[in-house]
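Numbering (the working numbering), first residue to last: 25 to 120.
Beneath this line is the structure, given in structure tokens, with notes to follow.
Here it is, written out as structure tokens:
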């Protein structure tokens, strides 16, 4: 299990079993105001996705956003909307 420790993040963890990884995130204020060029989270080298993953997330205020998890392991916003709010999501993917 890998825990992401960033200021203002409520919870972010990655569990990997074999080639399957499960990323669970409650971003707290960590994602606030960030652009699509900024890396929100970086997956460990042994947990990089085999292909680009598109993720939909909802904030606790009911606002939706889209993120991508690239094969380089970087989680980023898909659009340059610079959202505010705590986004909650879980995604399961196959590792490279």
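A virtual CB, placed ideally from N, CA and C, is assigned to each residue, including glycine.
The beta strand (DSSP E) enclosing residue i, as first and last residue numbers
i, result
"residue 48", "44-50"
"residue 37", "35-41"
"residue 98", "98-101"
"residue 69", "Per DSSP, residue 69 belongs to no beta strand (DSSP E) and is neither H nor E."
"residue 113", "111-118"
"residue 83", "77-83"
For residue i, the nearest candidate out of the options (CA to CA)
i, options, result
"residue 95", "39, 28, 78 and 107", "78"
"residue 55", "113, 106 and 69", "106"
"residue 50", "103, 119, 27 and 97", "27"
"residue 47", "57, 102, 119 and 114", "114"
"residue 74", "118, 58 and 86", "118"
"residue 42", "76, 25 and 103", "25"
"residue 103", "111, 81, 60 and 112", "60"
Residues near residue i by beta carbon distance below 8 Å, same chain, minus five either side
i, result
"residue 72", "95, 96, 97, 119 and 120"
"residue 63", "98, 99 and 100"
Same chain, Cβ closer than 6 Å to residue i, five either side skipped, listed in chain order
i, result
"residue 116", "46"
Interface flag, residue i vs chain D, CB-CB below 9 Å
i, result
"residue 29", "Going by chain labels, chain D is absent from the structure shown, which holds only one protein chain."
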